[in-house]
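One structure is given here, and the rest of the page talks about it.
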Amino acid sequence: MKATLIVAAALLAVSGSALADEALAKKKACMSCHQVAKKVVGPSLKDVANKYKGDAKAEAHLVSVIQNGGKGVWGNVPMPKQPMVKPDEAATLAKWVLSL
Numbered sequence: 064m065k066a067t068l069i070v071a072a073a074l075l076a077v078s079g080s081a082l083a084d085e086a087l088a089k090k091k092a093c094m095s096c097h098q099v100a101k102k103v104v105g106p107s108l109k110d111v112a113n114k115y116k117g118d119a120k121a122e123a124h125l126v127s128v129i130q131n132g133g134k135g136v137w138g139n140v141p142m143p144k145q146p147m148v149k150p151d152e153a154a155t156l157a158k159w160v161l162s163l
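For the sequence shown, the numbering used here gives the first residue as 64, with consecutive numbering after it.
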């Protein structure tokens with residue numbers, strides 16, 4: 064019984080964190096160009112997670128792309144830099160995307 068409650072609490076914490084990070088993505092306007100499961104202007108966030116799965120440098124790379132922008136990886140449309148996203152927020156967003 065105790066083990067079940069611990070597991071349930073851990074799952075709630077993880078799902079709560081995922082919801083909080085999605086809320087941050089919405090707050091920072093990421094969802095204007097990206098959706099979790101479908102391509103909009105930019106790639107779906109799940110496609111990003113799959114592309115970088117197993118890459119030890121992925122989180123740092125995504126933080127850099129979020130803050131400084133990028134081009135050429137997903138087609139002709141560049142991702143503009145996001146100066147309103149603080150470094151700690153960019154790290155939170157990158158971790159969340161990679162968890163999808």
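Here a beta-carbon is modelled for each residue, glycine too, at the ideal position from N, C-alpha and C. None of the values given here were measured: they were computed from a predicted structure.
Quick check: what's the CA-CA separation for residue i versus residue j?
{"i": "residue 116", "j": "residue 160", "result": "10 Å"}
{"i": "residue 121", "j": "residue 95", "result": "22 Å"}
{"i": "residue 118", "j": "residue 156", "result": "16 Å"}
{"i": "residue 130", "j": "residue 146", "result": "6 Å"}
{"i": "residue 98", "j": "residue 106", "result": "8 Å"}
{"i": "residue 134", "j": "residue 111", "result": "14 Å"}
{"i": "residue 142", "j": "residue 103", "result": "12 Å"}
{"i": "residue 162", "j": "residue 114", "result": "12 Å"}
{"i": "residue 140", "j": "residue 128", "result": "14 Å"}
{"i": "residue 137", "j": "residue 158", "result": "20 Å"}
{"i": "residue 150", "j": "residue 87", "result": "13 Å"}
Could you have a look at residue i and say whether DSSP puts it in helix, strand or coil?
{"i": "residue 109", "result": "helix"}
{"i": "residue 94", "result": "helix"}
{"i": "residue 114", "result": "helix"}
Do you know whose CA, among the options, lies nearest residue i's CA?
{"i": "residue 148", "options": "132, 141, 103, 105", "result": "132"}
{"i": "residue 144", "options": "87, 93, 85, 86", "result": "93"}
Quick check: residue i and residue j, are their CB atoms within less than 7 Å of each other?
{"i": "residue 109", "j": "residue 123", "result": "no"}
{"i": "residue 126", "j": "residue 154", "result": "yes"}
Just checking my contact of residue i with residue j at CB under 8 Å: how many whole Å lie between their CB atoms?
{"i": "residue 91", "j": "residue 152", "result": "7 Å"}
Is any non-hydrogen atom of the ligand MG found closer than 6 Å to the C-beta of residue i, if you look at the structure I gave you?
{"i": "residue 155", "result": "You won't find the ligand MG in this model; it holds no ligand whatsoever."}
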